[in-house]
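Here the structure comes first, spelled out in structure tokens, and everything after it is commentary.
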Amino acid sequence: MQTTAEIAAQISAEFSLLENWEEKYDYLIEKGQSLPDMPKDLKDDEHLVKGCQSSVWFVTECREGSLYFQADSDSLIVKGLAALLQELLNGQPAEAYQNVDLSLFETLGFWRHLSSQRSNGLTAMVSFLKTAAGDCAAQRGE
Amino acid sequence: MSTPISAARADFPILSTWINDHPLVYLDNAATTQKPQVVIDSLRDYYSFVNSNVHRGGHTLAVRATDMYEAAREKVARFINAAHAHEIIFTRGTTESINLAASSFGEAFVHPGDEIIVSQLEHHSNYVPWFELCQRKGARFRVLPFTPTGELDPEVLQGMFTEKTRLLALNQVSNSLGTVNPLETLIPLAHAAGVPVLVDAAQSVQHLAARDVQTLDADFYAFSGHKMYAPMGIGVLYAKESWLEKLPPFLYGGEMIDQVSSTRVTFAQLPHKFEAGTPNVEGAIGLGAAVDYLNQFDPQELQTYEEDLLAYGISQLRAIPGLTLYGNPKHRSSILPFNVEGIQHYDMGILLDTSGVAVRTGQHCTQPIMDALSISGTVRASLALYNNRDDIDALTRGIRRVIKMLKR
């Protein structure tokens, strides 16, 4: 399995071919649209990531110390960011989540979705995943 | 002779900047307006040649700073036609103005079982201070609902007044829907019931000619500098002298006292009783400069210019398939709140920004309005005196482009 750093480099290379903001967002939105829609009954408070201006849901699953997840959002941009997180992290060992390097999103120019803007929630999404990864690592330890 | 409004754009240096390889189209004026060069210069000049603490300083700079600070108060008083300059209290902004009023008025006049009425159209800053006051005092918090068109119904308000009603708090223009509330009807109704009125003028004082507090007969009138072309961090609470004399101070400290000993403290005269601590002198002077700037335009001409532009914006937005414009009040000012079917407001805001168009998205600090409309938020474009039809055209072009991007 590729490491998150290798995957980040690949994503970065894909985006580097895009010339302007419109193309970058176009590509991000395509990524979001490629995620399967989450069944409605899973879009509940338990799976809702709090702290975003748009609604984001994550359904996580822990298998043998690795964390898998599905994501959905009513915002296609946020869904695109969630799709990038999925490419980066889905199926990685729980420890990889704790040390994930988010500089990829700065490199891509999607910095505005990072932490300081309380409504935008990339940080909120990552923190939701880190909590699930923590539980996942603890399960294996038991 | 007033200056033509179409010439104003050149006075705002930031409007000639480029954003994301496009000329800036600034349509987030309800959040804050840009500043004309004369306001920017007033701050630079203050710190270059005047800076000193105000009041009770004997040296030349202290006297100059005090004179300029008090001259700004007089300019603001004339701008809203207050009867006295000492009815103008400088604050940090509308939020602090309303908190001051709620705290001091509540302390003196609100008791268990009393009632406060606010409208459902309020920004959280004219809602939460009253809600919390009612919680503290065991008073009843009552909400005047808005109609399906986004307006307030005088008859419904009339039916809400009781002997226990202590105050009505409402805005002159809704920050979320742009509704212009008919204060000329609502304030006399309240006064006939013996109820004083606090007006949140944050979205109106810079747009409407009807800002004469004596004609409106507002008991309290609150607004921010930064939404009327002045710096951030300066605002105003106007209150009738008769109220200010009856209210206890909000903050205690320097500047606001007369005599202090271990057994007795007496407070300074108005307005200083309500201005504890070193005030925002540069902000007040900047606000004075903004008032001077606005005074070169005829207020009615300014209102007509902005309302014509708003009408153009409404017609252009309504021509976009799938677009819902919220509220349909008879009189609307400066605010264009909308969504496009199937597109999240946040996505619309981010993607408009890629073409240099600045709007705001979300709930606009008005959750009660969003709940009533059963929506999670809106896109809000909001106008100022320097906007023109090109800005509206850039907005609608941008929206059509976003629709094309997202609806494949």
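Here the protein sequences come in this chain order: A and B.
Sequence positions in the first sequence follow this note's numbering and run 4 to 145.
Sequence positions in the second sequence follow this note's numbering and run 212 to 619.
Virtual Cβ for every residue (Gly too), placed ideally from N, Cα, C.
(message) Here's the rule I'm using: 16 or more other beta-carbon atoms within 10 Å means buried, otherwise exposed. How should Thr489 of chain B be labelled?
(response) As a working mapping, residue 489 of chain B is identified with position 278 in the second sequence. Classification of Thr489 of chain B: exposed, given that the 10 Å Cβ count is below 16.
(request) Can you have a look at Val471 of chain B and say buried or exposed, based on whether 16 or more other CB atoms are within 10 angstroms of its CB? (result) Your numbering for residue 471 of chain B matches position 260 in the second sequence. The residue is exposed, with fewer than 16 neighbouring Cβ atoms inside 10 Å.
(request) Take Ala595 of chain B and list the residues in its own chain whose beta-carbon comes closer than 7 Å to its own, dropping the five residues that flank it on each side. (result) For the purposes of this step, residue 595 of chain B is taken as residue 384 along the second sequence, with counting starting at 1. Only Asn240 and Thr244 meet the Cβ criterion.
(message) Does the contact criterion of 3 or more C-beta pairs under 8 Å hold for the segment 585-604 of chain B versus the segment 355-370 of chain B?
(response) no
(message) Give me the residue from B:Ser587, B:Asn599, B:Leu400 and B:Leu562 with the minimum Cα distance to Leu617 of chain B.
(response) Walking along the second sequence from the start, residue 617 of chain B turns up at place 406. Nearest of B:Ser587, B:Asn599, B:Leu400 and B:Leu562 to Leu617 of chain B, Cα basis: B:Leu562.
(message) Residues in the same chain with beta-carbon distance under 6 Å from His437 of chain B, minus the five sequence neighbours each way, listed in chain order, please.
(response) Your numbering for residue 437 of chain B matches position 226 in the second sequence. If we look at His437 of chain B and ignore the five residues flanking it on each side, its Cβ neighbours are Thr243 and Met443.
(request) Can you give me, in chain order, the residues of the segment 18-32 of chain A that have a beta carbon less than 9 Å from any beta carbon in chain B? (result) Asn23, Trp24, Glu25, Lys27, Tyr28, Asp29 and Ile32
(message) When you compare the CB positions of Pro510 of chain B and Lys484 of chain B, do they come within less than 9 Å of one another, or not?
(response) Against the second sequence, residue 510 of chain B aligns to sequence position 299. Against the second sequence, residue 484 of chain B aligns to sequence position 273. Going by C-beta atoms, Pro510 of chain B is not nearer than 9 Å to Lys484 of chain B.
(message) List, in chain order, every chain A residue whose beta-carbon is nearer than 7 Å to that of Ile561 of chain B.
(response) As a position in the second sequence, residue 561 of chain B is number 350, starting the count at 1. Here the neighbours are Ile80.
(request) Establish whether the CB of Ser57 of chain A and some CB of chain B are separated by less than 9 Å. (result) Against the first sequence, residue 57 of chain A aligns to sequence position 54. So, interface residue.
(request) Please list, in chain order, all residues of the same chain as Ile300 of chain B whose beta carbon is under 6 Å from its beta carbon, the five residues on each side excluded. (result) Along the second sequence, one-based indexing puts residue 300 of chain B at 89. Correct list, in chain order: Leu448, Pro482 and Phe485.
(request) Keeping to the same chain, check which residues put their C-beta closer than 8 Å to that of Thr426 of chain B; ignore five residues upstream and five downstream. (result) Sequence index remark: in the second sequence, residue 426 of chain B carries index 215 (1-based). So the list reads Asn292, once near-sequence residues are dropped.
(message) Any beta carbon from chain B within less than 9 Å of Asp138 of chain A's own beta carbon?
(response) Within the first sequence, residue 138 of chain A is the residue found at index 135, counting from 1. So no, Asp138 of chain A is outside the interface.
(request) Return the residue from the list A:Asn102, A:Asn23, A:Lys82 and A:Ala12 that minimises the CA-CA distance to Tyr557 of chain B. (result) Position 346 of the second sequence, counting from 1, holds the residue named residue 557 of chain B. Comparing Cα positions, the closest option is A:Lys82.
(request) Rank B:Ile468, B:Val261 and B:Val551 by C-alpha distance to the C-alpha of Arg612 of chain B and give the top, closest one. (result) The residue given as residue 612 of chain B occupies position 401 in the second sequence. Nearest option by C-alpha distance: B:Val551.
(request) Figure out for me which residue from B:Arg591, B:Ala569 and B:Thr577 has the closest Cα to the Cα of Tyr237 of chain B. (result) Taking the first residue of the second sequence as position 1, residue 237 of chain B is located at position 26. Checking every option, the nearest Cα to that of Tyr237 of chain B belongs to B:Ala569.
(request) Answer with buried or exposed for Ala495 of chain B, where buried requires no fewer than 16 other C-beta atoms within 10 angstroms of its C-beta. (result) The residue labelled residue 495 of chain B in the question sits at position 284 within the second sequence. With a 10 Å radius around the Cβ and a threshold of 16 neighbouring Cβ atoms, Ala495 of chain B comes out buried.
(request) Please name the residue in B:Thr515, B:Asp411, B:Asn392 and B:Thr572 whose C-alpha comes closest to that of Asn539 of chain B. (result) If you number the second sequence from 1, residue 539 of chain B lands on position 328. Selected option, being the one with the closest Cα: B:Asn392.
(request) Quickly, what does DSSP pair Asp411 of chain B with across the bridge? List them, please. (result) Walking along the second sequence from the start, residue 411 of chain B turns up at place 200. Its beta-bridge partners are B:Asn382 and B:Ala433.
(message) For Pro532 of chain B, tell me which candidate among B:Leu379, B:Ser387 and B:Gly553 has the shortest Cα-Cα distance.
(response) Here residue 532 of chain B is taken as the residue at index 321 of the second sequence, counted from 1. The shortest Cα separation from Pro532 of chain B among B:Leu379, B:Ser387 and B:Gly553 belongs to B:Gly553.
(request) Quickly, what does DSSP pair Tyr71 of chain A with across the bridge? List them, please. (result) As a first step, residue 71 of chain A is located in the first sequence; it is residue number 68 there, counting from the start. For Tyr71 of chain A, which the question treats as bridged, DSSP gives the partners A:Glu64.
(request) Kindly say whether Asp75 of chain A, judged by its beta-carbon, lies nearer than 9 Å to any beta-carbon of chain B. (result) Position 72 of the first sequence, counted from the start, is the residue given in the question as residue 75 of chain A. No, Asp75 of chain A does not count as interfacial toward chain B.
(message) Please state the DSSP three-state secondary structure of Ala350 of chain B.
(response) Sequence index remark: in the second sequence, residue 350 of chain B carries index 139 (1-based). DSSP places Ala350 of chain B in coil when its eight states are reduced to three.
(message) Please classify Ser119 of chain A as buried or exposed, where buried requires at least 16 neighbouring CB atoms within 10 angstroms.
(response) The sequence position of residue 119 of chain A within the first sequence is 116, counting from 1. Confidence at Ser119 of chain A is low in this model, with a pLDDT of 49, below 50, so the placement of that residue should be treated as unreliable; the coordinate-derived value is given next. With fewer than 16 other Cβ atoms within 10 Å, it is exposed.
(message) Spatial neighbours of Phe147 of chain A within its chain, please: C-beta separation below 8 Å, excluding the five flanking residues on both sides.
(response) Here chain A covers residues 4 to 145 and nothing more, so residue 147 of chain A does not appear.
(request) Determine the direct distance from the alpha carbon of Pro234 of chain B to that of Phe18 of chain A, and round the result to whole angstroms. (result) Residue mapping note: residue 18 of chain A aligns to position 15 of the first sequence, counting from 1. Residue mapping note: residue 234 of chain B aligns to position 23 of the second sequence, counting from 1. Taking the straight line from one Cα to the other gives about 25 Å.
(request) Please confirm if Met581 of chain B has its CB atom under 9 Å from at least one CB of chain A. (result) Taking the second sequence and counting its residues from 1, the one referred to as residue 581 of chain B is at position 370. No, Met581 of chain B does not count as interfacial toward chain A.
(request) Use the C-beta contact count for Ile610 of chain B: other C-beta atoms within 10 angstroms, 16 or more gives buried, fewer gives exposed. (result) The count along the second sequence starts at 1 and reaches residue 610 of chain B at position 399. Buried is the call here.
(message) My assumption, with CB atoms under 8 Å, is that Phe290 of chain B sits in contact with Val502 of chain B. Please give the rounded CB distance.
(response) Indexing the second sequence from 1 puts residue 290 of chain B at position 79. Indexing the second sequence from 1 puts residue 502 of chain B at position 291. Phe290 of chain B to Val502 of chain B, Cβ: 5 Å. Contact.
(request) Can you give me the Cβ contacts of Leu534 of chain B inside the same chain, cut-off strictly under 8 Å, excluding the 5 residues immediately before and after it? (result) The residue given as residue 534 of chain B occupies position 323 in the second sequence. So the list reads Leu528, Phe549, Asn550, Val551, Glu552 and Ile610, once near-sequence residues are dropped.
(request) Please go through the same chain and pick out, in chain order, the residues whose beta-carbon is closer than 7 Å to the beta-carbon of Ile430 of chain B, but skip the five residues on each side of it. (result) Locating residue 430 of chain B in the second sequence gives position 219, counting from the first residue. Here the sequence assigns Asp to residue 430 of chain B, which means Ile is not the residue at that position. Pro407, Val408, Leu409, Ala450, Lys451 and Trp454, listed in sequence order.
(request) Starting from Tyr523 of chain B, follow the alpha helix (DSSP H) in both directions and report where the run begins and ends. (result) In the second sequence, counting from the first residue as 1, residue 523 of chain B sits at position 312. Counting along the chain, the unbroken alpha helix (DSSP H) around Tyr523 of chain B starts and ends at Pro510 to Arg529.
(message) Does the CB of Leu617 of chain B have a neighbour CB from chain A at under 9 Å?
(response) Position 406 of the second sequence holds residue 617 of chain B. Chain A contact via Cβ: present.
(message) Using only the alpha-carbon positions, how far apart do Ala11 of chain A and Ser330 of chain B sit?
(response) Walking along the first sequence from the start, residue 11 of chain A turns up at place 8. Walking along the second sequence from the start, residue 330 of chain B turns up at place 119. Cα-Cα distance, rounded: 51 Å.
(request) Express the C-alpha separation of Arg543 of chain B and Ala441 of chain B in angstroms, rounding to a whole number. (result) Translated into the one-based positions of the second sequence, residue 441 of chain B becomes position 230. Translated into the one-based positions of the second sequence, residue 543 of chain B becomes position 332. The straight-line gap from Cα to Cα measures roughly 23 Å.
(message) So for Arg284 of chain B, helix, strand or coil by DSSP?
(response) By one-based count along the second sequence, residue 284 of chain B stands at place 73. DSSP, read as helix, strand or coil, puts Arg284 of chain B in helix.
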